[in-house]
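*Asks:* Its first residue numbered 10, the sequence shown is counted upward by one per residue in this note's numbering.
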Amino acid sequence: MAKSKKNSKRKKKGSGSFLGTGILAVFRGAVKVFPLFMVAGVFSGLFLGVRHCLYADPFLSVKEIAVEPAPALSVGRRQDLDTQLLGRNILKVDLEKIARQLERSPEIQKAKVHRLMPSTLKVEVVTRKPAAFIQFSPAGTYGAVSEDGMILNTVKGRDNSLVLIEAYALGLKEPQLGYQIRSAGFDETMKFLNAFWEHPLSKREVLTRVSLDGHGQVFIMLGAGPDIRLGRRASTRIPTLEKIMYLLEGGDRDKIQYIDVQFDNVIVKRKKS
Numbered sequence: 010m011a012k013s014k015k016n017s018k019r020k021k022k023g024s025g026s027f028l029g030t031g032i033l034a035v036f037r038g039a040v041k042v043f044p045l046f047m048v049a050g051v052f053s054g055l056f057l058g059v060r061h062c063l064y065a066d067p068f069l070s071v072k073e074i075a076v077e078p079a080p081a082l083s084v085g086r087r088q089d090l091d092t093q094l095l096g097r098n099i100l101k102v103d104l105e106k107i108a109r110q111l112e113r114s115p116e117i118q119k120a121k122v123h124r125l126m127p128s129t130l131k132v133e134v135v136t137r138k139p140a141a142f143i144q145f146s147p148a149g150t151y152g153a154v155s156e157d158g159m160i161l162n163t164v165k166g167r168d169n170s171l172v173l174i175e176a177y178a179l180g181l182k183e184p185q186l187g188y189q190i191r192s193a194g195f196d197e198t199m200k201f202l203n204a205f206w207e208h209p210l211s212k213r214e215v216l217t218r219v220s221l222d223g224h225g226q227v228f229i230m231l232g233a234g235p236d237i238r239l240g241r242r243a244s245t246r247i248p249t250l251e252k253i254m255y256l257l258e259g260g261d262r263d264k265i266q267y268i269d270v271q272f273d274n275v276i277v278k279r280k281k282s
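#1: Rounded to a whole number of angstroms, what is the C-alpha to C-alpha distance between S220 and L173?
#2: Under 6 angstroms Cβ to Cβ from L104, same chain only, skipping five residues before and after it: list those, please.
#3: Excluding the 5 residues preceding and the 5 following G152 in the sequence, name in chain order all residues of the same chain whose CB lies nearer than 6 angstroms to its CB.
#4: Indicate whether S155 and A178 have their beta-carbon atoms separated by less than 9 angstroms.
#5: List the DSSP bridge partners of K121.
#6: To the nearest whole angstrom, what separates the beta carbons of V71 and V102, a pair I think is in contact under 8 angstroms?
#7: Can you give the Cα-Cα distance for K278 and Q189, rounded to whole angstroms?
#8: With E73 and S128 assumed to form a contact (beta carbons below 8 angstroms), what rounded beta-carbon distance in angstroms separates them?
#9: Expressed to the nearest angstrom, what Euclidean distance is found between the alpha-carbon atoms of S114 and G187?
#10: With a CB to CB cut of under 8 angstroms and the five nearest residues on each side skipped, what residues in its chain are close to V59?
#11: Can you tell me which of the three DSSP states I247 falls into?
#12: For the candidate residues E251, N169, A79, whose alpha-carbon lies nearest to that of K131?
#13: Helix, strand or coil: which one does DSSP assign to A79?
#14: Check E112 in the structure and name its three-state DSSP category.
Encoded structure:
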């Protein structure tokens, strides 16, 4: 009985690899009769012939491009894709090249292209969104900037829908569309903003000013002031901010010049009377 089960397992395993075993057997038999280079040439010719047939097959031409999410690409960008890819053989499309082309657009953070055989290309897109306005000089234009520092748009005037980051010491004159800010201080500023919006403190005080110096130190103002120095690890100083709220909610708020919370020992600098 045990022998019968063993034989059945062998048959089951052999049936799954029958095609591969057959091709290998043909190749070995051909090598015994003909020189190796001739056999290799024949098999190469067969491969090229099959590939040519697949490339010429109209059934494999691109008939649809599915974008997810659909609004991620502008009308013009979508038309460019249609012109470039519709009607082409789906096997000839360089998926990584198409993804790289899409990622050249400032608003596209990540793109991935898949084949859905026989005739559909699926494009998955992760877009950037404005997270703040940034200004590089007091009288300069404003740039709508994403969390990863990409300038998505430039405007001369701004509304209050996004917080303004004053970055006058970064050595940049004007925001340029498609320029990506690479600064540890900017990254820390965005971490702080995300943490602040999620904290109950943001319901008690309005964030009226955010600034960044050339050394990566972050400064903020809540309400009418005073200035608060957060330092280089701004995102970690929110618990300390919460502890000093009594200073801002008291009657002596307007007598304070600045508060430094970047160290464990809070410094309160009062105005000279």
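Even for Gly, the Cβ is constructed at its ideal location relative to N, Cα and C.
*Replies:* Once the coordinates are examined:
#1: As a working mapping, residue 220 is identified with position 211 in the sequence shown. As a working mapping, residue 173 is identified with position 164 in the sequence shown. Taking the straight line joining both Cα atoms gives about 8 angstroms.
#2: For the purposes of this step, residue 104 is taken as residue 95 along the sequence shown, with counting starting at 1. Excluding positions up to five away in sequence, the list reads V122.
#3: What you label residue 152 is simply residue 143 of the sequence shown in a count that begins at 1. Contacts found: I143, I160, T163, P184.
#4: Here the question's residue 155 lines up with position 146 in the sequence shown. Here the question's residue 178 lines up with position 169 in the sequence shown. No.
#5: Reading the sequence shown from its first residue, position 112 is the one you call residue 121. Partner(s): E133.
#6: Looking up residue 71 in the sequence shown gives position 62. Looking up residue 102 in the sequence shown gives position 93. Contact flag correct, Cβ pair sits at about 7 angstroms.
#7: Reading the sequence shown from its first residue, position 269 is the one you call residue 278. Reading the sequence shown from its first residue, position 180 is the one you call residue 189. Distance between the alpha carbons of K278 and Q189: 36 angstroms.
#8: Here residue 73 refers to the residue found at position 64 of the sequence shown. Here residue 128 refers to the residue found at position 119 of the sequence shown. The Cβ separation is near 7 angstroms, so the contact holds.
#9: Counting from 1 along the sequence shown, the entry for residue 114 is found at position 105. Counting from 1 along the sequence shown, the entry for residue 187 is found at position 178. For S114 and G187, the distance between alpha carbons rounds to 7 angstroms.
#10: Start at 1 with the first residue of the sequence shown, and residue 59 comes out as number 50. For V59, the predicted model reports a pLDDT of 49, less than 50, meaning its position is unreliable; a value from the coordinates is still stated below. Around V59: no qualifying Cβ.
#11: The residue given as residue 247 occupies position 238 in the sequence shown. Three-state result, I247: helix.
#12: On the sequence shown, residue 131 is found 122 positions in, with the first residue counted as 1. Selected option, being the one with the closest Cα: A79.
#13: On the sequence shown, residue 79 is found 70 positions in, with the first residue counted as 1. Residue state, collapsed to three classes: helix.
#14: Counting from 1 along the sequence shown, the entry for residue 112 is found at position 103. Of the three classes helix, strand and coil, the one that applies to E112 here is helix, per DSSP.
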